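Student: Be aware that the sequence shown starts at -4, since it is given in the numbering used here, and climbs by one per residue.
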Amino acid sequence: NPVNWYPWGKEAFEKAKKENKLIFLSIGYSTCHWCHVMEEESFTDNAVAALLNDSYISIKVDREEFPQLDKKYQQLYMAVHGERGGWPLSIFMSPVAEVFHLATYIPIGEGYGSMGMMNMIPSFSRLHHENAQQLQTLVDKHKEEALKGYAKESLKEKLTLKVMDKVLDEISAEFDKENGGFASRPKFPEASKIELLLSIYKLNGNKKALLMAGTTLKKMAQGGIYDQIGGGFFRYTTDVAWQIPHFEKMLYTNAELIPVYVSMYELTANPLYKKVVDETIAQMESHFMKEGLYLSASDADSDGEEGGYFIYNYVEVKQALLTQGLKDKEVKEALAYLGIEEDGNIDGELSHTHITSTKVPAKLLQVKEYLRALSSKRTFPFVDTKIITAWNAMMIKALFSASKLDSKYLSLADQRLKALLKLMRKGDVLYHQTLLGKEPKQEGLLEDYAFLMDAMIEGYLITYNKTYLTQLEALAKEAISKFYKNKQWYLSDDGIQALADFDDRYYTSALSVMFESLVRLASLTEQLDYNEIVKESIKHSGAVLETNPAKAPKLLHTFLRFKMGDVIIKSNAKKLQNVRKQIEALKYPFVLSKTEESDKYLACRVNSCFAYDTN
């Protein structure tokens, strides 16, 4: 487009300072719908481009390439506006890179309760040149709010297991009894919250926790957030009933949901949950996997239409099925079951699929096969070819988890892990991301270490491959050295100074995953220093567990593991493999297993064993 964009870096900031120009920073990602809208409305418009090029230094950042930058400015947006931001994130800064205005999507003209780009750009430029003091006042206000927003509160009292009651009360208050899920709209899956509920059920038999988890997983599996024809989950829905999604598919969404569906199947043996696991993995393999690794996301749009690949016209589909020899009644039953309506349910006469009944039509498979073939004739949405270490690690963990249900996924997980380490681990350096076919250059972030460690622990517990433990310890030591400074955890060690937090909203907090990985690693290696770091970190900045634990479900899950303690089953590898199904069936959620040269089975805590036997 005609905007003279600069990458984030020294050149852009030095130029802004030297030429005394304001900075416009746009943060988005390639499959973001509203980023595309703003691109088409404003950044391809010659008048907007002329205004930006004349008075600003414009910087474009991909949030998936620089999540630490995105997190830093999203935290500031939250501090200033009292609500979450989103993408695109539009940031106006002084020539010395001090923020004075933050917004998300900005229309080209006035709208959505906001001044448009055509007015905003020259307005801020005039303020800069004609009233520098007022601009500085805005800068100072944002600095003040930033200090409040970035502050981490320490625990005031010793936390007890009563926190489980508090979090269940909070989750119950936001739980949608009819549709499942934990918010109004937009509605996100929140896999870490479901994981927490399942663990609480396993710990104390709380049936309400199981009900909330089960209702949510079932309703999502039957809803429009799940691709009923192709498999896999969309990122979120715009309605409370999970019917109308925003049609982008993210690798992380699918990777994080697979393990909770595995857990739910293990608890209930409901074939719906295994079906979701199998279909979701198949979708990731068919559309996201290239050269042994997974690409990051697919766009919402297809051939210029949002959801175009996934929506259907009732009359067109009905006529085609009738010509294939199906009877009118059979077609009507199948289309009604799939929510494909004559009047449409999404846009005019177009419908998106969701399950409407418990009675499965006789010709459902034949109808779904036709719809799959119909979609395949369309252009599949753009797939971002970024390979991100953290997100691939999430998917590898999901494959290890799914291997509990089907052993074929074990070799797949092992292949993907080897491919990831070959590409992204060079000597002692872990890298964050690269493009398909390119060598990585950007060094790893906290999230890459955290999710890779999580995946490798999952792999060790299933394969007992000791090289995983060796690599885990190396990664843990590197992560602590790079990201843990003065009792604070940072998202990167590149000077950006973005503090890690415990927010699980879009995907699970890297910091909380790191904590749980360190606790599990301490149990497996008896290196208790890892536990001390976690204990000190939670004490220093974990006040959310006292004030609002439902906002940090993964952190609470880690606290419960730390408080109640892992149970480690030990024996030689052959004996452990012989009883792996029995170990996995144990209700206690914090069970690990570790190889040891012994002909007996030992049950241990982190520093002592309390039982042993030959079976």
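Heads up, the beta-carbon is just placed ideally off N, CA and C, and yes, glycines get one too. None of the values given here were measured: they were computed from a predicted structure.
My assumption, with CB atoms under 8 Å, is that PHE95 sits in contact with LEU130. Please give the rounded CB distance.
Tutor: 6 Å
Student: According to DSSP, is TYR231 helix, strand or coil?
Tutor: strand
Student: Give the secondary structure of SER21 by DSSP, where H, G and I count as helix, E and B as strand, and everything else as coil.
Tutor: strand
Student: When the Cα atoms are used, what is the spatial distance from LEU103 to GLU9?
Tutor: In the sequence under discussion, the amino acid at residue 103 is Ile, which differs from the Leu named in the question. When the Cα atoms are used, ILE103 and GLU9 turn out to be separated by approximately 28 Å.
Student: Evaluate the contact criterion for the segment 25 to 44 versus the segment 124 to 142: three or more CB pairs, one atom per stretch, below 8 Å.
Tutor: Judged by Cβ distances under 8 Å, the segment 25 to 44 makes no contact with the segment 124 to 142, as fewer than three pairs qualify.
Student: In whole angstroms, give me the CA-to-CA distance for LYS55 and TYR479.
Tutor: One alpha carbon belongs to LYS55, the other to TYR479, and they sit about 29 Å apart.
Student: Start and end of the alpha helix (DSSP H) containing LYS66?
Tutor: 62 to 76
Student: Please state the DSSP three-state secondary structure of ARG411.
Tutor: helix
Student: Is it the case that the Cβ atoms of PHE464 and THR520 are separated by a distance below 8 Å?
Tutor: Here the sequence assigns Leu to residue 464, which means Phe is not the residue at that position. Against a cut-off of 8 Å, the Cβ pair of THR520 and LEU464 comes out as a contact.
Student: Within 10 angstroms of its Cβ, does ASN199 collect 16 or more other Cβ (buried), or is it exposed?
Tutor: It is exposed - the Cβ of ASN199 has fewer than 16 other Cβ atoms within 10 Å.
Student: Using CA atoms only, rank isn't needed, just tell me which of ALA92, LYS582, VAL43 is closest to GLU6.
Tutor: ALA92
Student: To the nearest angstrom, how far is it from the Cα of HIS427 to the Cα of PHE170?
Tutor: 36 Å
Student: Going by DSSP in three states, LEU430 sits in which element: helix, strand or coil?
Tutor: Three-state result, LEU430: strand.
Student: Just to confirm my understanding: we take TYR583, look at its own chain, exclude 5 residues before and 5 after, and list those with CB closer than 7 Å. What are they?
Tutor: Exclusion of the five residues before and after TYR583 leaves LYS197, VAL562 as the residues of its chain whose Cβ lies within less than 7 Å of its Cβ.
Student: Just verifying my parser: in three-state terms, what is the DSSP assignment at PRO266?
Tutor: helix
Student: Please confirm whether SER187 and THR553 have their CB atoms less than 8 Å apart.
Tutor: no
Student: Count the other CB atoms, across all protein chains shown, that sit within 10 Å of the CB of ASP401; report buried if there are 16 or more and exposed otherwise.
Tutor: exposed
Student: Taking the DSSP output, what are the residues bridged to GLU301?
Tutor: ASP296
Student: Name the DSSP beta bridge partners of PRO240, please?
Tutor: THR232
Student: Tell me whether LEU494 sits in a helix, a strand or coil according to DSSP, three-state version.
Tutor: strand
Student: Put GLU59 into one of helix, strand or coil per three-state DSSP.
Tutor: coil
Student: TRP484 by DSSP, collapsed to three states: which one?
Tutor: strand
Student: With a CB to CB cut of under 6 Å and the five nearest residues on each side skipped, what residues in its chain are close to GLU36?
Tutor: So the qualifying residues of the chain are ILE103.
Student: Here's the rule: buried if 16 or more other CB atoms are within 10 angstroms of the residue's CB, otherwise exposed. What is LEU431?
Tutor: exposed
Student: Classify TYR593 as helix, strand or coil using the three-state DSSP reduction.
Tutor: Residue 593 is actually Ser in this sequence, not Tyr. The answer is coil: DSSP assigns SER593 none of H, G, I, E or B.
Student: Quick check: VAL162 and ALA545, are their CB atoms within less than 8 Å of each other?
Tutor: yes
Student: PRO240 and GLY219 look like a contact to me (Cβ under 8 Å); what is the Cβ gap, rounded to whole Å?
Tutor: The beta-carbon distance between PRO240 and GLY219, rounded to whole angstroms, is 5 Å. This is short enough to meet the 8 Å contact definition.
Student: Closer than 7 Å: is that where the CB of ASP323 sits relative to any heavy atom of the ligand COA?
Tutor: In the structure shown, the ligand COA is absent, as is every other ligand, since no ligand is present at all.
Student: Work out the CA separation of ASN265 and GLN410 for me, nearest whole Å.
Tutor: 29 Å
Student: Which runs of the alpha helix (DSSP H) fall wholly inside the segment 153 to 230 and span at least 4 residues, in chain order?
Tutor: 158 to 169, 186 to 199, 202 to 217
Student: Sort THR348, GLY77, ASP164 by Cα distance to GLU140 and report the nearest one.
Tutor: GLY77
Student: Select from LEU486, THR39, ASP608 the residue whose C-alpha is nearest the C-alpha of ASP498.
Tutor: Nearest C-alpha to ASP498: LEU486.
Student: Per DSSP, what are the beta-bridge partners of GLN437 in this structure?
Tutor: Residue pairing by DSSP puts GLN437 in a beta bridge opposite GLN428.
Student: On the three-state DSSP scale, how would you describe PHE478?
Tutor: helix
Student: Tell me HIS31's beta-bridge partners as DSSP assigns them.
Tutor: Per DSSP, none; premise fails for HIS31.
Student: For a test of the three-state rule: what should DSSP assign to TYR260, helix, strand or coil?
Tutor: helix
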